[in-house]
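In our numbering, the protein residues as written are 38 to 1024. Each residue gets a CB set at the ideal place from its N, CA and C atoms; glycine is no exception. Below is one structure, written out as structure tokens; comments come after it.
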Amino acid sequence: MAERRVSSGKRRLAMFMVSTALVSAMTGTARAQAQDAAPKPAETTPTRPAASATAISIPPQALDAALRAFTRQTGWQVGYVTALVAGRSSSAVSGESDPLAALKTLISGSGLDIRITGARTVSLIAANPADAAGIDAGGTTVLEEITVTSSGGGVKLGTESAGDTGTTVMDATQIGIRSDGSGDANSFLRGLPNVQYQNDTNDDAGVESQAILNTKPQELSISGGRTYENNFILNGIGINTVTGTEEPYDQGNQGELSDANNRYDADRIYGLHSQTLFVPTEFVESATVIDSNASARYGSFQGGVVEYKLKSPATDRLRATASVEYESDALVEYNLATKDGLNPNNVKEPEFYKKKKAISVSGPITDNIAVIGQYSVTDAWTNKAKDYIYGDEYVESESKNEFYRLQANAETDFGAFKLEGLHTDYAQDFESASYRDLEIDTATQSYAGKLEHSYDFEDFSLGGIALSNVSLTSKLTASKSDALNLGGDDTVRNWQSTYFRSISGVPTNVFTSTMLDDWCRVDPTSTTTTSCREGGMGSERGQGQERYTWSQDVAGDVWNGTFRAGYEFGFTEAHRWRAKDYVNYTYRVAASYTSNPNLWQNGNGVKTFTCNTTEECYTEQFAATKGVWKAYNIKAQMMQANSYLELDQTFGWLNIRPGMRLDYDDYQGNLNIAPRLVATVTPIEDFSISAGYNRYYDAANLAYAIRDQQPRTINYSRAPSATGVVGDFTTTPTQTYYSLDASDLETPYTDEFTAAINFVDPLTEGDWRLRYMHRSSRDQYASSTPTSTSYVLTNNAEGSYDSFTAEYAKQLPTAAWNPADNSVLSASITWADNNVSADSYFVDEDDLEDRISYKGMSYTKAGFNAITGNMDIPLRAQVGLSGSFFEERLNLGVSANYNFAYDGVAETGDTEDIDGIQHDIWDDKAFAAVLTVDLSGSYKVADVDEHGLTLNFKVANVFNEMGNATTKSGQPWVIGRTLWVGASAEF
């Protein structure tokens, strides 16, 4: 096996131990100084720097309603236990006042106190602990789920930081409404501004078995970034693939496994995905999506950030939920989408089913320790017919997507501890219809764990600077992920079943095999030579990564706002391998030889072979060529370090959030400095204007490192003698390797300029956000290919992205026109233009083979993309409306996405020759407007003592919209309207 080690990063593991010891010592010293120097705070509300006065007008009313008015008028967030404010009334607040002072007045006489949790976030607690509803008979304090109020309800435009104008936060209800019913949490992102996922130019969009079985998360582009340039975070753990999801090896440009293709490439790994863990919708508590103005604590992306927070352990009692959902071909509407509306091959609509099951168990095990265990599984099944020559059998294929989670939280005198483990086990069958028994099953097996500690310091001074509400979070993570291709055999045999020759201008069958009769039959309608194939393309090959990180983050209040700082050390080992040699034999028959030697002799010559070898030779036919793909195991290692510092300060009507991020890795050896700055002016109440400049550096990528020196195919050949005698393979070709060079490169980066206006309109009292974003991408990866087997990574690509967005969110009041107990309306409209010269780090900017002809001009694929844009939908709108009725027994939600009509370009399917080079012809095309509407609902049919049974449904694409994509005759069907049905129970 070939082995290659790119870096000696393991020798630097001592950095972890040294840094940990230093930080622990510093932390201990700071804590001791704080305890010695700082007076112990009184058992009342902690102090904070005074904020600027704000005009507030809230009459006396129910405390819950008053708190919602307070958040709307001040922009603060107030957390509280629902039962704690029930039945309590507020005092009146009127005039200009500091928000904190106004809140104290508002709750005066209610028996509640304030606990400050951030610059503009507070929690309400009982002034007398004995009055807290959560004190049980045993004296254990029990906290219910904290509710955070905002005028947008479950959709929040921004956060407590005025600089977060590119951030959207959604709760579990809104995520469920916007998802497609498949269980994939990523599907809710489809309706968000600056998220692209559609391809209107696809002319082969027909549904087939692999698309049906695929239950992995949807791949998405955010703010013009490639699908592998986002930063996905799950409960504080990065779940991003750093080993590359694109492949340079692509025989015949066939792409991923599909029923429409029968050419498979043994050099590539199928089923690669940009995420290592696949997040199920059922377990998500909230999601934070950042498409611009990202805080300095986020790095390693050029697209966007998606941070999922899973549900926390229950602390009051043992709780359990279970759910099941179902979809099948009987619950979907198929549409024929060929360009001419015909189905010449009489292809049947695919049969399939999908089943989702999820269970969650959570509760306290001691007074201060709570745990949660969760498991979900999505099973999918479908079938397809084998090619005629292999009989009349149907091949059944399945996929299984399993997710496991176990977490324990402990509240101690030394802070809060979290120990968590996550696991994804994904498997998807693929059996070729064009082979007797070839299987390439794809699998993803990922593990991740973390140990996290959070500690809240008492207020103290450091160098004369007063610090309050300071918290330190320390985190150790470990993860391992492998993408596997599994098959049953390491040898493929391409047999000759029939052989046709042209005799007097007529195709004539001059050979029919007899040794294949038991499994390969002759197609009586065929007039061409037929091959029958059997075997497998390798029992195992794969690609994976192991990653370990240690990080610490400190945050608190200082001066006129907050500060945040942190660092992280990381070690990554990537590997790519083929477990055993793979061999591919191609056979020939005597009738195929008409010269050198001429065995055929117009049918009067040699008909059979004499085997003077033991390797793949039979009297009827023999292996004339042999390709050998050698086993290999390539490894690469990388050490990374990053740090950041950020302030968020308010000076009257001005808020500024300056930040700086430093990133370094020893693979490319670049020190990347990424400045971040957002300034916000608030001239009047409920109206602010923000502007920002930010730089984002791409994540370190080991894609080239683990593909460098991968062995190329060794090709052997032999020929029979003039009398039909076959000997051994005698050629001895030299082993050669693919060369992928990624040294001495700059790290790709994107500069971003933003402008935003946030306001509350006086008519509806809803939140509005108007935004403009411009991104310029520089030093982007592309490839030059000096030979057919060498790839040299370059910084020659570039790109740009521009967008205008208008967004609205409002929690609607209950009224005569709105009978809902609780309803939320959100809407957005986005115009975007994306131009990227190279859409992959394996695209050659000067490629002379993969060319496009448009308006008589010749373009490389990369150059054409740069001129015409990324073909995404230029103008899109989204509306979401949800509500609960009958004391929240009935919940309904509807989301609609509208793509406005636009003029673009599309491939015509024709080719032409320009200067001796074949070109694919593209031409102008008008794309029609498309409206898709999804409807979801649930009804609680039983509810007894916090135990209940709920029926659920989800209708995706209610109006059975087909869109602009078309299909070909081999796979002519597209899925339109889809219905999921299910039930869930609470215990």
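In three-state terms, what does DSSP make of residue i?
| i | result |
| --- | --- |
| residue 639 | helix |
| residue 366 | helix |
| residue 851 | coil |
| residue 567 | strand |
| residue 375 | strand |
| residue 938 | coil |
| residue 146 | coil |
| residue 188 | With a pLDDT of only 47 at residue 188, under the threshold of 50, the placement of this residue in the model should not be trusted; the figure read from the coordinates follows. Coil, per DSSP. |
| residue 741 | coil |
| residue 966 | coil |
| residue 785 | coil |
| residue 426 | helix |
| residue 318 | helix |
| residue 252 | coil |
| residue 873 | strand |
| residue 983 | coil |
| residue 396 | strand |
| residue 105 | helix |
| residue 43 | Note that residue 43 scores 39 on pLDDT, short of 50, meaning its location in the model is unreliable; the coordinates nonetheless yield the value given after this. In this structure, residue 43 counts as coil in the three-state DSSP scheme. |
| residue 687 | strand |
| residue 100 | helix |
| residue 136 | helix |
| residue 223 | helix |
Have a look at the options and flag the residue whose alpha-carbon is nearest the alpha-carbon of residue i.
| i | options | result |
| --- | --- | --- |
| residue 475 | 273, 321 and 621 | 621 |
| residue 861 | 210, 93 and 195 | 210 |
| residue 1015 | 972, 984, 977 and 980 | 972 |
| residue 887 | 897, 540 and 803 | 897 |
| residue 422 | 729, 386 and 410 | 386 |
| residue 842 | 827, 848 and 808 | 808 |
| residue 817 | 454, 226 and 785 | 785 |
| residue 720 | 648, 796, 754 and 771 | 796 |
| residue 638 | 162, 759, 270 and 457 | 759 |
| residue 577 | 605, 591, 616 and 726 | 616 |
Assuming the contact rule is C-beta atoms closer than 8 Å, residue i and residue j should be a hit. Round their C-beta distance to whole Å, please.
| i | j | result |
| --- | --- | --- |
| residue 594 | residue 506 | 5 Å |
| residue 146 | residue 128 | 6 Å |
| residue 698 | residue 711 | 4 Å |
| residue 739 | residue 819 | About 18 Å; that fails the 8 Å criterion. |
| residue 813 | residue 837 | 5 Å |
| residue 609 | residue 662 | About 40 Å separates the two Cβ atoms, so there is no contact after all. |
So, are the CB atoms of residue i and residue j less than 8 Å apart?
| i | j | result |
| --- | --- | --- |
| residue 1022 | residue 986 | yes |
| residue 854 | residue 362 | no |
| residue 669 | residue 747 | yes |
| residue 834 | residue 779 | no |
| residue 352 | residue 303 | no |
| residue 345 | residue 222 | yes |
| residue 534 | residue 553 | yes |
| residue 454 | residue 418 | no |
| residue 626 | residue 761 | no |
| residue 233 | residue 258 | yes |
| residue 969 | residue 928 | no |
| residue 664 | residue 752 | yes |
| residue 714 | residue 704 | no |
Touching by the beta-carbon criterion (3+ pairs, under 8 Å), the stretch 225-240 and the stretch 345-362: At 8 Å Cβ cutoff, the stretches do not touch.
Given 8 Å, three or more beta-carbon pairs between the stretch 1006-1015 and the stretch 239-258: A contact exists between the stretch 1006-1015 and the stretch 239-258.
The stretch 197-214 in contact with the stretch 301-316 per 3-pair CB rule at 8 Å: Here the stretch 197-214 makes no contact with the stretch 301-316; the two share fewer than three CB pairs at distances below 8 Å.
At least three beta-carbon pairs within less than 8 Å, the stretch 492-499 to the stretch 319-331: No, the stretch 492-499 does not touch the stretch 319-331.
Three CB pairs or more closer than 8 Å across the stretch 962-971 and the stretch 927-947: Contact check between the stretch 962-971 and the stretch 927-947: three or more CB pairs, one atom from each, fall below 8 Å, which counts as touching.
Segment contact flag, the stretch 916-931 with the stretch 856-870, C-beta cutoff 8 Å, min 3 pairs: Yes, the stretch 916-931 touches the stretch 856-870.
Segment contact flag, the stretch 245-264 with the stretch 950-961, C-beta cutoff 8 Å, min 3 pairs: Judged by Cβ distances under 8 Å, the stretch 245-264 makes no contact with the stretch 950-961, as fewer than three pairs qualify.
Cβ contact (3+ pairs, closer than 8 Å) linking the stretch 273-286 and the stretch 424-435: With a cut-off of 8 Å, the stretch 424-435 and the stretch 273-286 do not count as touching, because too few Cβ pairs lie within range.
At least 3 beta-carbon pairs within less than 8 Å: the stretch 432-440 vs the stretch 510-522: Output reads no: the stretch 510-522 does not touch the stretch 432-440.
Inter-stretch contact at 8 Å, needing at least 3 Cβ pairs: the stretch 622-630 / the stretch 694-709: Contact between the stretch 622-630 and the stretch 694-709 is absent, because fewer than three Cβ pairs lie under 8 Å.
The stretch 481-489 in contact with the stretch 553-570 per 3-pair CB rule at 8 Å: No, they do not touch.
At least three beta-carbon pairs within less than 8 Å, the stretch 713-732 to the stretch 690-697: Yes, the stretch 713-732 is in contact with the stretch 690-697.
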